[in-house]
Structures are given as structure tokens and as C-alpha cells.
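J.:
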Amino acid sequence: MTEPLIKTENITKRFPGVTALKDVCFDLLAGEVHVLFGENGAGKSTLIKILAGSYLPDEGRILVRGEEVAFRNPHDATAMGVSAVYQEFSLVPKLTVVENLFLGREIVKRGFLDKAAMLRKAKESLEELGFDIDPTARVADLTRAERQMVEIAKTFQRSISVLILDEPTASLTDKEVGRLFEIIKKLTGDGVGVIYISHRIDELKKIGDRITVLRDGQRVATMKMEEADEQTLISLMTGRDFADVFPRIEHTPQEVVLAVDNLSTASGLSGLSFCVRAGEILGVAGLVGSGKSRLGRVLFGLDEVIGGQIELLGRSLRDIRPSKAISDGILYFPADRHKEGLVLCRSVKENQTLAAVPLFERGWLIDSRRERSAAVNIGNQLNIRPAGIEQTVINLSGGNQQKIMLSRGLIRDTKVFIFDEATCGIDVAAKREVYLLLKDQAEKGAAIILISSEIPEILHLSHTVLVMHACSVCTIMPASAATEEKILSGCFGYDYDGLQNGTGERVLPRA
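Just so you know, this note's numbering puts the end of the sequence shown at 1755, numbered straight through with nothing missing.
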């Protein structure tokens, strides 16, 4: 049998009060994509940080091509050909793309930086990867997806034999994901081994050769990817049956809370007409570029309305802006929690109460006792772990960060929740907790707009399904009539009876 590129034997890692990994054995072969799968907190991040030299194991050993090694730091790991691209970026925002690509390994000529050579090599590298990014642009001015591309490109500036990718597609479009997969296949064809972490099971089936499932810091299974169906993986990861992931949504919606009539926006949306009732979950589906995310933004006042109208409980909304939307009881939760949803350098408490500060005012001061009590109560409801409300948000897992952002809607009276990709980048257990939050708020009478790229979420959680195409509503159907095929047809411009409707024409729900 071929010697693994890298292998761990009985790796154990402890932190104060917790054992993050216990006797974990893992190996990566040349030319394969080995998927690491598990809930947030299962030990995936700890294991890859040990393999990349960021953490030292307390017990066990690491072997590279059969020889035991001791990575004291990331430099030791990269010297052995092991490189990692983490979910949290390691870029310097004030520097340009090319400066970030060559940071710490600048090209020098006669004692001076050879900026022309670095720029030329940066252009070649970005073109080879298929990333359309200006190498002279400042990283601070890039979108999150573009920063993800720069982070990936940075890794390819050095010779690698083991590449670790932690949620690499979380911010990429379908086209960019396709290009990344092409790059991975080229690398594995050249003998590079790839350790791949993602919560998107459909994605894993396309790219993975083997999969190892971690739960509570221990390896529970390693199998070939073709043997790993969705139900098996979820059961291994959570210890629960697949059927338990989605809660049953059985209550009946009541009166109309939010009504949109022939709405057009400066961002390109046109002719949007639909309504959301009290207790209703309206699932919004669509391809990248369909306008589904812009729909959430305009309802919260982030994009300008140029035609049509929006009514809240029969009252026409004028001069919509975020502060007014919040006071009216409309809350929007963006897809990018890091860039738009959270203040990462501040505490859990401050992020939870951000949209409800006036509720805690006492004259010119904040009633910190009431604020703290509200934050603790909400944190307990959503099972945010660890539970300390004064800890900095950036130090928490993606699932906990998402719950912290969503918890803002529970601090004050919210009539309309707008969720854009509410479960992006979080594990199945955290997803279920988000689903239960949606169910609970809907049962209490809130109107919920659930914008999602995950068709199973739309099918299992919605009362009504709205499909966007070409920045217009293509079709609206009751969830009882919705299927994956019908939703996908709508994404490509056909209503659910198979009639083409790519012109922005109003399509009303059938009786």
C-alpha cells in the first residue's frame, strides 16, 4: 500500500475544561480529496490546525511520508509542503492583492523590492486560477468572495503536497466553485493530497474520494465517498436520524402582515408582487444573480425603491431605511455575517442587543443590568456555547456566530423576519437550532421571509414558495405543490405549470 502523504496516530488535544480531540487517527493519500465532516465543535478545526502547525498535540504523533515530524509552527508545516486556507482570512486589508500574495516572501532585486516581477507573477497566478481580480486593488475594497479567492491564490504561491481547505466555497458563486473544483482536480492529478471541510453534502459528493466523520472530538467513521449518503452522514455526525433535522411546520398562517405590489428598485428588481401572512414562512429560491438577496435588502431599506409600494399591516411604508424598518418591526439578517451582520471585535452581549439599544435606555444611560439579563436569557434560548456573554464574537464558531446575529430578533418585538442564507456555513446541528427558531417565531405570529440556496430548506420549512428569475418573480406556489423539479424550473424562468415566464410578469399563487 502507498505510504500516506500525512497521517495522524492517536492525536489528543486538550484545552482548559475540554478535550477537543481524543485518539484521532487520520490519513491522506497522494492524489485524493479526503473530506473532514462533523458539527461545529466536533474537532475538525483543531485537527487541521495541528496538521498545519498552529497547535501542538498533547498526545499522539504526525507522520509525513512515513517519517514522524513535529510541527512547532505553521512555518515548519509549509516547509514540509503542508498549507491551509482557513475560513477566517489571514489577509492584511490595507495592502493590495499582490502585496498580500507575496507577504513574507517578497521578490528582491539588488536589495530592493522587485514590484514589477511580483505584479507579473501575481497576474499569472490569478489568471491560471481563473480569478478575475485586479492584483493592484486593496483587499479592503474586495468582496468577501474575492477575498476568498485571494486567500486561495496565496496558498498556490508556494510548493505544496498537502492542501487543507476549510469551507472554501462558502462565499463563492457556482461558477467560481466550478473553477475551484477544476483546480483541485488538477492538483490531485499531480499527486497533491487535499483535506476538504464543508457542510454542503451535495458538494462533497462531487469532489471527495473518502470521508472521515468526527463527533465530540473522536473519529466515528471513515468510508469511501460513494458509500456515504446524506442520511448516513447526518446520523453519524449528530447521532440523530435524518428525519429529525427539519421540524414539522404545521400551523396555519393568518392575516397579511407584509404586502408588496409591483415593486421596482434601483438595484434592478422589477414588478415584484407577493404577500407574507402572520405565522407564514415564505421561502424564496433562485439562482445566483436572480435578485433573491436584493429582495431582502430593499425590504429593509438598503436598496432604493423606484416604483410600486410596500405595505405593513395595511399601512404604506414610505422613505424606507434600516433604522425606520427596525422601529417598524422589520429585521433583516444578511448572508455575510462577518462583513454585514456582526461586529466581530465586540462582545456577544453587544451584538445581541445592537438593534434594541433604545429598549435599555434610562435617560442618557444604558441600563446594563436589564441589557445583560436580556442577553443571558436569549443566549440560553438559542444554546449559544460557551455561554459567556462578554466573550468576543470573533472567537466563537460559525454556528454560534450565526445564532448570535439571529438572536437580535428575539430582543424586541419583531413583526417581519428576513433571513438571507440563514444557515450558510454552519453544521447540521446548528442548522436545526436555526430551523427551530424560525418555527417558534412563525408559531408566535411573525411573518418570515426565508431566502435560501438550499432547496431542501425551502421545501421542508415553507408554507409558500416564491422563485426568482432575472430579478423578477417567476412563480409562486403553495409548499404542498412544490417539488425540487418545480423550483428548479422556476429558477430557469418557467412557472410551476411549465409555462415560461421570464419577463417579470406577475404570477399569482393558484387557489
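The beta-carbon is built from N, C-alpha and C at its ideal position, and this holds for glycine as well.
Could you give the uninterrupted runs of the beta strand (DSSP E) lying entirely in the stretch 1420-1463, keeping only those of 3 residues or more?
T.: 1437-1441, 1454-1459
J.: Between which two residues does the beta strand (DSSP E) containing tyrosine 1576 stretch?
T.: Here residue 1576 refers to the residue found at position 332 when the sequence shown is read from its first residue. It spans 1574-1577 - the beta strand (DSSP E) in which tyrosine 1576 sits, taken as one unbroken run.
J.: From threonine 1757 to valine 1549, what does the alpha carbon distance come to, in whole angstroms?
T.: Since the first residue shown for the chain is 1245 and the last is 1755, residue 1757 is missing from the structure and cannot be characterised.
J.: Which term fits glutamine 1475, buried or exposed, when burial requires 16 or more other beta carbons within 10 angstroms of its beta carbon?
T.: Here residue 1475 refers to the residue found at position 231 of the sequence shown. Exposed.
J.: Of all the beta strand (DSSP E) runs that stay within the bounds of the stretch 1326-1403, which reach a length of 3 or more residues?
T.: 1326-1329
J.: What are the complete alpha helix (DSSP H) segments, minimum 4 residues, inside the stretch 1690-1749?
T.: 1699-1705, 1728-1735
J.: Within the same chain, show all residues whose beta-carbon is closer than 6 Å to that of glutamate 1555, passing over the 5 residues directly before and after it, in chain order.
T.: Residue numbering aside, residue 1555 sits at position 311 when the sequence shown is read from its first letter. Cβ within range, chain order: Ala1503.
J.: For the alpha helix (DSSP H) that glycine 1540 lies in, which residues bound it at each end?
T.: Mapped onto the sequence shown, residue 1540 falls at position 296. Run containing glycine 1540: 1536-1543, per the alpha helix (DSSP H) assignment.
J.: Specify, as a first and last residue, the run of the beta strand (DSSP E) that valine 1528 falls within.
T.: The residue you call residue 1528 lines up with position 284 of the sequence shown. 1525-1529 is the span of the beta strand (DSSP E), which, as asked, contains valine 1528.
J.: Under three-state DSSP, which class holds phenylalanine 1604?
T.: On the sequence shown, position 360 is the one that residue 1604 refers to. DSSP places phenylalanine 1604 in helix when its eight states are reduced to three.
J.: Are there 16 or more other CB atoms within 10 angstroms of the CB of histidine 1707, so buried, or fewer, so exposed?
T.: What you label residue 1707 is simply residue 463 of the sequence shown in a count that begins at 1. Looking at its Cβ environment, which holds 16 or more other Cβ atoms inside 10 Å, histidine 1707 is buried.
J.: Would DSSP call aspartate 1271 helix, strand or coil?
T.: Here residue 1271 corresponds to residue number 27 of the sequence shown, with the count starting at 1. Of the three classes helix, strand and coil, the one that applies to aspartate 1271 here is strand, per DSSP.
J.: Measure the beta-carbon distance from isoleucine 1574 to phenylalanine 1604 and round it to whole angstroms, keeping in mind my assumption that it falls under 8 Å.
T.: Walking along the sequence shown from the start, residue 1574 turns up at place 330. Walking along the sequence shown from the start, residue 1604 turns up at place 360. With 8 Å as the limit, isoleucine 1574 and phenylalanine 1604 do not qualify as a contact, their Cβ atoms being about 20 Å apart.
J.: Mapping DSSP to helix, strand and coil, what is asparagine 1627?
T.: To locate residue 1627, count along the sequence shown from 1; it is residue 383. DSSP places asparagine 1627 in coil when its eight states are reduced to three.
J.: Taking the alpha-carbon positions, what's the glycine 1304 to lysine 1353 distance?
T.: Position 60 of the sequence shown, counting from 1, holds the residue named residue 1304. Position 109 of the sequence shown, counting from 1, holds the residue named residue 1353. Taking the straight line joining both Cα atoms gives about 44 Å.
J.: Decide if glutamine 1645 is buried, meaning its Cβ has at least 16 other Cβ atoms within 10 Å, or exposed.
T.: Looking up residue 1645 in the sequence shown gives position 401. A residue is called buried once 16 or more other Cβ atoms fall within 10 Å of its Cβ, and glutamine 1645 is buried on that count.
J.: Closest to lysine 1266 by C-alpha separation, out of Glu1283, Leu1526, Thr1290, would be which residue?
T.: Along the sequence shown, one-based indexing puts residue 1266 at 22. Closest option to lysine 1266, Cα to Cα, is Thr1290.
J.: Entirely within the stretch 1293-1325 and at least 4 residues each: give me those alpha helix (DSSP H) ranges in chain order.
T.: Within the stretch 1293-1325, the complete alpha helix (DSSP H) runs of at least 4 residues fall at 1318-1323.
J.: Can you grab the Cα-Cα spacing for the pair alanine 1579 / histidine 1704, in whole Å?
T.: By one-based count along the sequence shown, residue 1579 stands at place 335. By one-based count along the sequence shown, residue 1704 stands at place 460. Their Cα atoms are separated by approximately 20 Å.
J.: Can you tell me which of the three DSSP states glycine 1551 falls into?
T.: Taking the first residue of the sequence shown as 1, we reach residue 1551 at position 307. Here glycine 1551 sits in strand by DSSP.
J.: Among Gln1392, His1495, Gly1530, Ile1622, whose alpha-carbon lies nearest the alpha-carbon of glycine 1523?
T.: As a first step, residue 1523 is located in the sequence shown; it is residue number 279 there, counting from the start. Closest option to glycine 1523, Cα to Cα, is His1495.
J.: For aspartate 1385, I'd like the list of residues in its chain whose CB is within less than 6 Å of its CB, leaving aside the five on either flank, ordered along the chain.
T.: Your numbering for residue 1385 matches position 141 in the sequence shown. Correct list: empty, nothing qualifies.
J.: For arginine 1565, tell me which candidate among Ile1255, Ser1733, Arg1541, Leu1650 has the shortest Cα-Cα distance.
T.: Here residue 1565 is taken as the residue at index 321 of the sequence shown, counted from 1. Cα-wise, what sits closest to arginine 1565 is Arg1541.
J.: Based on Cα-Cα distance, which residue from Val1436, Gly1689, Glu1615 lies nearest to arginine 1309?
T.: Against the sequence shown, residue 1309 aligns to sequence position 65. Arginine 1309 has its Cα closest to that of Val1436, out of Val1436, Gly1689, Glu1615.
J.: Any contact between the stretch 1395-1403 and the stretch 1288-1302? By contact I mean 3 or more CB pairs, one from each, below 8 Å.
T.: no
J.: Pick from Lys1429, Ala1619, Gly1461, Gly1374: whose alpha carbon is nearest that of arginine 1258?
T.: Numbered from 1 along the sequence shown, position 14 holds the residue referred to as residue 1258. For arginine 1258, the nearest C-alpha among the options comes from Gly1461.
J.: If we count Cβ pairs, one from each stretch, closer than 8 Å, do we get three or more for the stretch 1415-1428 versus the stretch 1338-1347?
T.: no
J.: Give me the DSSP bridge partner(s) of leucine 1280.
T.: The residue given as residue 1280 occupies position 36 in the sequence shown. Paired residues: Ile1441, Thr1456.
J.: In angstroms, rounded to a whole number, what distance separates the CA positions of lysine 1251 and phenylalanine 1425?
T.: Within the sequence shown, numbered from 1, the residue matching residue 1251 stands at position 7. Within the sequence shown, numbered from 1, the residue matching residue 1425 stands at position 181. Taking the straight line joining both Cα atoms gives about 24 Å.
J.: Taking the alpha carbon of glycine 1335 as the point to measure from, which residue in Val1326, Gly1325, Phe1346 has its own alpha carbon closest?
T.: Within the sequence shown, the letter at position 91 stands for residue 1335. A quick correction: the sequence has leucine, not glycine, at residue 1335. Taking only the C-alpha atoms, the option nearest leucine 1335 is Phe1346.
J.: Do the stretch 1315-1334 and the stretch 1397-1406 meet, that is, are 3 or more Cβ pairs less than 8 Å apart?
T.: yes
J.: Residues in the same chain with beta-carbon distance under 8 Å from glutamate 1758, minus the five sequence neighbours each way, listed in chain order, please.
T.: This structure leaves residue 1758 out entirely; the chain is present only between 1245 and 1755.
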